[in-house]
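So the structure is just underneath, and the comments pick up after that.
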Amino acid sequence: MMRWLWISALVLVLDQASKYAAVGYLAGRGEVEFAPFLNLALVYNRGAAFGFLSAASGWQNLFFIAVASIAAVVIVLMLRRLGDKDKLVATGLSLILGGALGNLLDRLIHGSVIDFIDVYYPRAGDCLWLFVRSASGCHWPTFNIADSAITIGAALLILDALVAGRRAHGART
Numbered sequence: 008m009m010r011w012l013w014i015s016a017l018v019l020v021l022d023q024a025s026k027y028a029a030v031g032y033l034a035g036r037g038e039v040e041f042a043p044f045l046n047l048a049l050v051y052n053r054g055a056a057f058g059f060l061s062a063a064s065g066w067q068n069l070f071f072i073a074v075a076s077i078a079a080v081v082i083v084l085m086l087r088r089l090g091d092k093d094k095l096v097a098t099g100l101s102l103i104l105g106g107a108l109g110n111l112l113d114r115l116i117h118g119s120v121i122d123f124i125d126v127y128y129p130r131a132g133d134c135l136w137l138f139v140r141s142a143s144g145c146h147w148p149t150f151n152i153a154d155s156a157i158t159i160g161a162a163l164l165i166l167d168a169l170v171a172g173r174r175a176h177g178a179r180t
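Residues in the sequence shown are numbered consecutively from 8, following the working numbering.
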């Protein structure tokens, strides 16, 4: 288990360092164009992914702190039980753990999660599903390094499940 925690630690350090830099650089600036289709924009998200529950009255912070804390404990217990062959699952869980801890730390310190990565495309018509329309184009909800690690970790778990399912199906035929 311990050999996988370096991934979580690396995600946590990169996430917190990038958020520290984002707050220092972006505070009071609004959107800053970083590259075509990529802005840096400081957002304090009181909700979850895609701003879910961000408009709630404040109870959601404690809820998400509890969820992230429970998830972290469960992931550590899962990592302890994994065998040497479960590298994809261990990597995925370690990425999710690092991301969950990064966002949990934000909630404990700031009462919200610091997001700053704004991916967009110039609007040539209607925005694609889940993109938010603005004057400058269609924007994906603002996110951070922790969110990216959680997403990549979840994708690795799905990939492992698909591969395992394919192996099991092949063994039956």
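Note that the Cβ used here is the ideal one computed from N, Cα and C, for glycine as well.
All of these numbers come straight from a predicted model, not from anything done at the bench.
What does the alpha-carbon distance come out to for the pair residue i and residue j?
i, j, result
"asparagine 86", "arginine 114", "With the sequence shown as reference, residue 86 is identified as leucine, and asparagine is not the correct amino acid for it. Each residue's Cα considered, the two are about 24 angstroms apart."
"isoleucine 103", "asparagine 110", "11 angstroms"
"threonine 149", "serine 101", "23 angstroms"
"leucine 137", "aspartate 154", "16 angstroms"
"valine 170", "serine 119", "37 angstroms"
"leucine 17", "glycine 105", "8 angstroms"
"methionine 9", "aspartate 167", "21 angstroms"
"phenylalanine 123", "alanine 142", "19 angstroms"
"aspartate 93", "alanine 73", "28 angstroms"
"arginine 53", "glycine 132", "30 angstroms"
"alanine 42", "alanine 34", "19 angstroms"
"isoleucine 116", "serine 64", "18 angstroms"
"aspartate 91", "glycine 99", "14 angstroms"
"isoleucine 82", "arginine 130", "40 angstroms"
Name the two residues that bound the continuous alpha helix (DSSP H) containing residue i.
i, result
"aspartate 22", "9 to 33"
"glycine 105", "94 to 117"
Can you name, in chain order, every residue of its own chain whose Cβ lies under 6 angstroms from the Cβ of residue i, other than the five neighbours on each side?
i, result
"serine 25", "Ile152"
"cysteine 134", "Arg140 and Cys145"
"tyrosine 51", "Ser119"
Kindly list the residues whose CB is nearer than 7 angstroms to the CB of residue i, restricted to its own chain and excluding five residues on each side of it in sequence; keep chain order.
i, result
"alanine 55", "Phe71"
"alanine 97", "Trp11, Leu86 and Leu89"
"leucine 21", "Ile152"
Considering just the uninterrupted stretch of the beta strand (DSSP E) at residue i, what are its terminal residues?
i, result
"serine 141", "139 to 141"
"phenylalanine 123", "120 to 128"
"leucine 49", "45 to 52"
"phenylalanine 71", "Phenylalanine 71 -> not in any beta strand (DSSP E); alpha helix (DSSP H) instead, spanning 66 to 88."
"alanine 42", "39 to 42"
"cysteine 134", "From DSSP, cysteine 134 is part of no beta strand (DSSP E); its letter is neither H nor E."
Identify every residue that forms a DSSP beta bridge with residue i.
i, result
"glycine 160", "Looking at the DSSP assignment, glycine 160 forms no beta bridge with any residue, so it has no partner."
"glycine 144", "Ser141"
"phenylalanine 150", "Ile124"
Among the residues of its own chain, which have a CB less than 8 angstroms from the CB of residue i, if the five just before and after it don't count?
i, result
"alanine 79", "Leu104, Ala107, Leu108 and Leu111"
"glutamate 38", "Asn46, Leu47, Ala48, Asp125 and Ser143"
Just confirm the distance between the C-beta atoms of residue i and residue j, as a whole number of angstroms; I'd bet it's less than 8 angstroms.
i, j, result
"leucine 95", "leucine 19", "Their Cβ separation, rounded to whole angstroms, is 21 angstroms, which puts leucine 95 and leucine 19 out of contact at 8 angstroms."
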